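**Q** In the working numbering, the protein residues as written are 405 to 686.
We put the CB at the ideal spot given by N, CA and C, even for glycine.
Quantities reported herein were computed from a predicted structural model and do not represent experimental measurements.
Got a structure here, written out as structure tokens. Questions coming.
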Amino acid sequence: MTAATLDGRAIAARVRARVAAEARAAGLVPGLTVVVVGEDPASQVYVRNKAKAAAAAGFRAATIALPAETTEAALLAIIARLNADEEVDGILVQLPLPKHIRPEAVIEAIDPAKDVDGFHPVNAGRLAIGRPALVPCTPKGVMTLLAEAGVTLTGARAVVLGRSAIVGRPMAALLTAADATVTLAHSRTRDLAAECRRAEVLVAAVGRAEMVRGDWIAEGATVIDVGINRRPDGRLVGDVAFAEAAERAAWITPVPGGVGPMTIASLLENTLIAAKARRGLA
Ligand code: GUN
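Dropping the structure here:
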């Protein structure tokens with residue numbers, strides 16, 4: 405089998421257009437504020453892209469860029485101000501933060517109703533027990549890709565590789581909510597390759613370049629690659645050895661251009677959900 409490629413850029417563009425149209429139709433201008441601390445170049449790019457996408461969807465987008473020396477107390481004071489600001493529906497604090505700031509203190513300071521990253525323990529807990537929540541953007545985007553591919557999740561064997569709070573754990577919860585039978589595998593899993601070979605849906609989110617080889621993939625599987633890793637030669641690759649895996653999978657996401665663009669599309673969806681909920685519209 406040769407896999408069909410899931411075009412994240414095209415699917416994300418459709419999601420973004422739908423979100424913009426929905427907001428316009430409801431007469432809503434959702435407000436998103438993105439906060440970034442320090443000069444990490446990758447974070448600067450992500451933050452710029454998030455704010456640009458929000459503005460392009462007709463949202464009120466603001467970026468607060470703070471110096472690396474910003475204290476935790478100062479950042480918490482800014483979050484308190486954003487929590488109280490009626491014009492702000494979504495607050496996103498870009499991670500990672502400088503070492504002297506505790507990310508959990510910052511995440512827990514955000515009003516869960518404005519937590520468009522879905523990282524607050526209230527939202528994570530709601531997702532874990534199957535109640536409505538603001539859901540982390542990357543796994544939410546993966547669910548959209550799976551829906552676009554027409555993959556049947558009910559009863560399917562799904563394997564999630566990686567147990568991070570941002571991707572692996574919420575991914576497993578979303579697949580469980582969609583009635584898949586989910587294995588959450590990780591670095592201590594015995595015989596990872598054998599676990600993966602059982603997967604009809606495989607989501608790789610480990611952050612190790614091309615760790616998942618072609619012979620780890622079941623014939624006809626759907627392979628979603630969340631990894632973005634830079635090879636010493638500068639090439640961007642995923643967690644999956646793409647060419648090998650594509651020989652066996654039915655569907656596969658490329659890197660770049662697969663999951664990546666979906667994250668921002670999901671962020672806009674979450675911001676619209678938050679805006680509606682805060683106005684009693686949902
Ligand atoms: N850093 C890497 N991914 C993310 C994300 O989804 N949200 C935030 N806030 N920071 C990130």
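State the DSSP-derived secondary structure class of Gly-682, mapped to helix, strand or coil.
**A** Here residue 682 is taken as the residue at index 278 of the sequence shown, counted from 1. The sequence shown places Arg at residue 682, rather than the Gly named in the question. Helix at Arg-682.
**Q** Decide if the stretch 581–595 is in contact with the stretch 622–637; the criterion is three or more beta carbon pairs, one per stretch, under 8 Å apart.
**A** Touching, no, given that fewer than three Cβ pairs across the two stretches are closer than 8 Å.
**Q** Only counting the same chain, and skipping five residues up and downstream in sequence, which positions put a Cβ closer than 8 Å to that of Ala-459?
**A** Start at 1 with the first residue of the sequence shown, and residue 459 comes out as number 55. Same-chain partners within the cutoff: Ala-465.
**Q** Count the C-beta pairs between the stretch 677–684 and the stretch 438–458 that are closer than 8 Å, then say yes if the count reaches three, no if not.
**A** These segments do not touch.
**Q** With a cut-off of 8 Å, do at least 3 Cβ pairs link the stretch 556–565 to the stretch 506–513?
**A** No: fewer than three Cβ pairs fall under 8 Å.
**Q** Any heavy atom of ligand 1 closer than 7 Å to the beta-carbon of Thr-474?
**A** What you label residue 474 is simply residue 70 of the sequence shown in a count that begins at 1. It does not: the Cβ of Thr-474 is nowhere closer than 7 Å to a heavy atom of ligand 1.
**Q** Kindly list the residues whose CB is nearer than 7 Å to the CB of Ala-686, restricted to its own chain and excluding five residues on each side of it in sequence; keep chain order.
**A** Mapped onto the sequence shown, residue 686 falls at position 282. Closer than 7 Å at Cβ, skipping near neighbours: Ile-677, Lys-680.
**Q** I need the straight-line Cα distance from Asn-453 to Val-546, nearest angstrom please.
**A** On the sequence shown, residue 453 is found 49 positions in, with the first residue counted as 1. On the sequence shown, residue 546 is found 142 positions in, with the first residue counted as 1. Their Cα atoms are separated by approximately 19 Å.
**Q** Taking 8 Å as the cut-off, does the stretch 416–425 touch the stretch 472–484 (at least 3 CB pairs, one atom from each stretch)?
**A** Short answer: they don't touch.
**Q** My assumption, with CB atoms under 8 Å, is that Val-563 sits in contact with Ala-603. Please give the rounded CB distance.
**A** Mapped onto the sequence shown, residue 563 falls at position 159. Mapped onto the sequence shown, residue 603 falls at position 199. At roughly 4 Å, the Cβ-Cβ gap stays under 8 Å, so Val-563 and Ala-603 are in contact.
**Q** Hey, how far is the Cα of Pro-543 from the Cα of Leu-410?
**A** Taking the first residue of the sequence shown as position 1, residue 543 is located at position 139. Taking the first residue of the sequence shown as position 1, residue 410 is located at position 6. Roughly 15 Å between the two C-alpha positions.
**Q** Return yes when the C-beta of Leu-725 is under 7 Å from any heavy atom of ligand 1, and no when it is not.
**A** Since the displayed the chain opens at 405 and closes at 686, residue 725 lies outside it and no answer follows.
**Q** Name the DSSP bridge partner or partners of Leu-596?
**A** In the sequence shown, residue 596 corresponds to position 192, counting from 1. The partner list for Leu-596 (beta bridge, DSSP) is empty, contrary to what the question assumes.
**Q** Would you decide whether Ala-551 is buried or exposed? Buried here means 16 or more other CB atoms lie within 10 Å of its CB.
**A** Residue mapping note: residue 551 aligns to position 147 of the sequence shown, counting from 1. When all chains shown are included, Ala-551 counts as exposed.
**Q** Between Asp-643, Ala-669, Asn-487, which lies nearest to Ile-514 when the distance is taken from Cα to Cα?
**A** Counted from its first residue, the sequence shown places residue 514 at position 110. Nearest option by C-alpha distance: Asn-487.
**Q** Our contact map puts Ala-649 next to Val-607 with C-beta atoms below 8 Å; I'd like the distance itself, whole angstroms only.
**A** Position 245 of the sequence shown, counted from the start, is the residue given in the question as residue 649. Position 203 of the sequence shown, counted from the start, is the residue given in the question as residue 607. Rounded, the Cβ-Cβ distance is 13 Å, inconsistent with contact.
**Q** Could you tell me which residues DSSP pairs with Thr-467 in its beta bridges?
**A** As a working note, residue 467 is residue 63 in the sequence shown. DSSP lists Val-438 as partners of Thr-467.
**Q** How about Pro-665 and Ala-408: are their beta carbons less than 8 Å apart?
**A** Within the sequence shown, residue 665 is the residue found at index 261, counting from 1. Within the sequence shown, residue 408 is the residue found at index 4, counting from 1. No, the Cβ-Cβ distance between Pro-665 and Ala-408 is not below 8 Å.
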